[in-house]
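K.L.:
Take this structure first; my questions come after.
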Amino acid sequence: MSTGISVILCIVAGVLLLVGFLGTFVPVLPGAPLAWAGLLAAYFSEYNSISLLCLVITGIIAVVVSIADNFFPVTMTKKFGGSKYATTGATIGLIVGFFTGPWGIILGPFFGALIGEFINKEGRSEGVFKAAFGAFMGFLLGTGLKMITVLGFIWVFVISFFR
């Protein structure tokens, strides 16, 4: 493989890893799969020494984390007595919060879940805060898991670059 293609693959890998990290908190970007695609690109570059076994293991981790990320908010919302409205509200709150800065990203899911559950309960406040808290905790758990995973993928990329 030519040096130019290897450089391009290495750059593409780095960009995919960074976009994958953004995808850990931007709901429309699949963070872990994008970051794994970065590792895949790095695998084919002469400048990285990622083994096939490492690529397979990180691929499995990316799939598991992506699936778990979809279950955490629903599971936590149900555990705290919430409905689909709270989960949907948390997602909408995250999207709206993304445009309002870091505090919006953190608080948007909570307030979105709160409003969603309030709509579901038709204006009654019983259990609304508890359900919103559950949806928020599920969001934080999923986001945290994705962030840790993608940071691990970035670490693999950086370490493989310097070997």
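Residues -1 to 161 (this note's numbering) make up the sequence shown, in order. Positions of the beta carbon are idealized from the N, C-alpha and C atoms, including for glycine.
Could you check how far apart the C-beta atoms of Y45 and C8 are, in whole angstroms? I think they sit under 8 Å.
P.N.:
Yes, Y45 and C8 are in contact; Cβ-Cβ is about 5 Å, under 8 Å.
K.L.:
Rounded to whole angstroms, what is the Cα-Cα separation between F109 and P71?
P.N.:
Each residue's Cα considered, the two are about 14 Å apart.
K.L.:
Under 8 Å, do A11 and A39 count as touching if we go by C-beta distance?
P.N.:
In this structure, A39 lies closer than 8 Å to A11 by Cβ.
K.L.:
Below 8 Å on the Cβ atoms is my contact criterion, and I expect F23 with T141 to pass it. Report the Cβ-Cβ distance as a whole number of Å.
P.N.:
Right, the Cβ-Cβ distance comes to about 6 Å (below 8 Å), so this counts as a contact.
K.L.:
Could you please give the first and the last residue of the uninterrupted alpha helix (DSSP H) stretch that includes N118?
P.N.:
Note, N118: alpha helix (DSSP H), 100 to 118.
K.L.:
For the alpha helix (DSSP H) containing Y41, list its first residue and its last residue.
P.N.:
Taken as a continuous stretch (DSSP letters only), the alpha helix (DSSP H) holding Y41 covers 29 to 41.
K.L.:
Between A33 and F151, which are expected to be in contact by the criterion C-beta below 8 Å, what is the C-beta distance as a whole number of angstroms?
P.N.:
Contact holds; Cβ gap of about 4 Å.
K.L.:
On the three-state DSSP scale, how would you describe G80?
P.N.:
G80 falls in the coil class under three-state DSSP.
K.L.:
Please classify G2 as buried or exposed, where buried requires at least 16 other C-beta atoms within 10 Å of its C-beta.
P.N.:
Result: exposed.
K.L.:
Terminal residues of the continuous alpha helix (DSSP H) containing G150?
P.N.:
Per DSSP, G150 belongs to the alpha helix (DSSP H) from 126 to 159.
K.L.:
Among the candidates P28, L37, V17, M(-1), whose CA atom is the shortest distance from the CA of S158?
P.N.:
Comparing Cα positions, the closest option is L37.
K.L.:
Going straight from the alpha carbon of R122 to that of S49, what length do you get?
P.N.:
Spanning the two alpha carbons is a distance of roughly 56 Å.
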